[in-house]
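Numbering (the numbering used here), first residue to last: 31 to 625.
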């Protein structure tokens, strides 16, 4: 037994070593050669940037955030009302940043959101500014800071370092929200002229674990270069490195975003920026980088060059983003289209007004659930004339049901003749049978725009309404545990659990949709009638995983539509026989004598 065990170990080691020598090793060499060729193809001023942490580092084993922070040579603490973390003196980069006012869960005792972390960690992300001079970027250079320095809104921190004939200084300040100001200078203390190129970047190692990969949401590198928005999703760059973006323009900003959070570097708005969004890792272990370089500075002996740029690290709150767009004279930074960090989408002409209305009432009233109800009233009022035409057409259709039924009985076996006679009847009554679809058709783009707004904006995140704690998440209740009365969560069941989260709001929405179908004229085809009758129940399951705010809107919109439709039916002289539409309400007739 012992001999066989030892033999098995030896054979296993032999297989592993052979695999590494014959397969894994050559693959690593090939990847390294390809990367070196890519770097060699770059212009000289960009080659040092291309050599920043890449494939080799991605293959290395990562360490925990706590280990990475502890093992660095020095750090300057960051303390503001909204941020906590530290600046790494190796490289002078901001790689430790958490948002003190935002938690991972609704529970205030849950961990706060971590935005940036050291590059040696599994999903390291950081922001860095520097200079390329003498073929070096100083990406890993050691900076010095005053002993005991702490970066706060009232106490900037100045970092210094010297490399050969160049003296570097970096003064970092921060406001009380999410913006850092980086004032850099480089002095040539030598006897020969030198050239220095400013750069900045946001680095992201591997795809973050909380990425949604939803088609309506941008997650990954993005930015406004000049006056144009460019973006690439993590998934796109990971699969195809040729999909990188390489553009230039005057002003703008670049960064890497998730659903609610943004890390961005912002150059001086009057300088030409060359920006690249790319994956410098592999498909299996991608490394995403958004970086820019500015025009080179020529430094004569004794000459100093300086510039001021910025780093944003925080929540994509639209009001905050837009405050930085304001001109400097008005207290802003003049950053062009900074609020495009929020993915407004191609229907921006709908998503933006919807958001502004929702945000206005949410801020004024202090409850975004009520703001959704008010927004629905505004949308219903705006669409009232078009919806009225649709409902009037449906009322006429309902009024013609007896005539249509006679035609069906008369030409039951001749479908062609039946359709001809029905079209003649519609023409005689000057009615378009498709007009009844108008209320639904005009709702579709608005519904999608609202869905997009609620999904991509963070203002509804962790906002409560009645029993709901987070309007941006699904209804927390489920009928399958009697709405919390039974002590188990059916959604935790394997395979079918996700289908069992049927909460109060989806049920109310389904009931309202079913009630509305009873006001509509039934389709002539019995099969279609059965399908339409089942749709409300199908929609209950479809809508159950959606954000509670969206389901609230659809329920309230349907309830208002029922009221509007009933009024129009009465106005057009169409009586609603509730006993006929809801058979269970009809009183049972007593049997006649002898029956």
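Beta carbons are placed, not taken as given, at the ideal position from N, Cα and C, and that holds for glycine. This one's a predicted model, so the numbers in the text were calculated from it and none came from an experiment.
Close beta carbons around residue i, own chain, < 6 Å, minus the five adjacent residues each side
i           : result
residue 24  : Absent from the model: residue 24. The displayed extent of the chain is 31 to 625, so no value can be given.
residue 73  : Confidence in residue 73 is poor, its pLDDT being 42 and thus under 50, which makes the residue's placement unreliable; the coordinate value appears in the next sentence. Around residue 73: no qualifying Cβ.
residue 122 : 173, 189 and 200
residue 326 : 225 and 227
residue 143 : 129 and 132
Which of helix, strand or coil DSSP assigns to residue i
i           : result
residue 105 : strand
residue 253 : strand
residue 488 : coil
residue 382 : helix
residue 360 : helix
residue 135 : coil
residue 574 : coil
residue 456 : helix
residue 579 : helix
residue 328 : strand
residue 440 : helix
residue 593 : helix
residue 372 : coil
residue 94  : coil
residue 601 : helix
residue 314 : coil
residue 513 : coil
residue 530 : coil
residue 568 : helix
residue 395 : helix
residue 387 : helix
residue 245 : coil
residue 365 : coil
residue 72  : Confidence at residue 72 is low in this model, with a pLDDT of 43, below 50, so the placement of that residue should be treated as unreliable; the coordinate-derived value is given next. Note: residue 72 maps to coil in three-state DSSP.
Inter-residue spacing [alpha-carbon to alpha-carbon] between residue i and residue j
i           : j           : result
residue 21  : residue 273 : What the structure shows of the chain is the stretch from 31 to 625, and residue 21 is not part of that stretch, so it cannot be assessed.
residue 213 : residue 336 : 7 Å
residue 391 : residue 489 : 12 Å
residue 401 : residue 366 : 29 Å
residue 229 : residue 175 : 21 Å
residue 506 : residue 524 : 18 Å
residue 135 : residue 502 : 12 Å
residue 261 : residue 352 : 19 Å
residue 157 : residue 593 : 55 Å
residue 453 : residue 438 : 13 Å
residue 218 : residue 580 : 59 Å
residue 287 : residue 307 : 12 Å
residue 267 : residue 415 : 47 Å
residue 521 : residue 576 : 15 Å
residue 215 : residue 474 : 54 Å
residue 513 : residue 569 : 19 Å
residue 627 : residue 350 : Because the chain is modelled from 31 through 625, residue 627 falls outside the range shown and cannot be assessed.
DSSP bridge partner residues for residue i (one or two, in chain order)
i           : result
residue 306 : 276 and 321
residue 209 : 342
residue 173 : Answer by DSSP bridge pairing: none, since residue 173 is not bridged.
residue 161 : 228
residue 406 : BP columns for residue 406 are empty, so no partner.
residue 155 : 147 and 234
residue 200 : 189 and 214
residue 221 : BP columns for residue 221 are empty, so no partner.
residue 120 : 172
Exposure label - residue i; buried when at least 16 CB within 10 Å
i           : result
residue 331 : exposed
residue 539 : buried
residue 368 : buried
residue 148 : buried
residue 140 : exposed
residue 127 : buried
residue 94  : exposed
residue 373 : buried
residue 111 : exposed
residue 244 : exposed
residue 209 : buried
residue 150 : buried
residue 389 : buried
residue 587 : buried
Cβ neighbours of residue i in the same chain (closer than 8 Å, five flanking residues each side left out)
i           : result
residue 447 : 441
residue 278 : 255, 256, 302, 303, 304 and 305
Close beta carbons around residue i, own chain, < 7 Å, minus the five adjacent residues each side
i           : result
residue 375 : 246, 381 and 482
residue 387 : 405 and 408
residue 290 : 345, 346, 488 and 491
residue 177 : none
residue 263 : 248, 249 and 250
8 Å Cβ cutoff, residue i in contact with chain D
i           : result
residue 570 : This model lacks chain D altogether; it includes just one protein chain.
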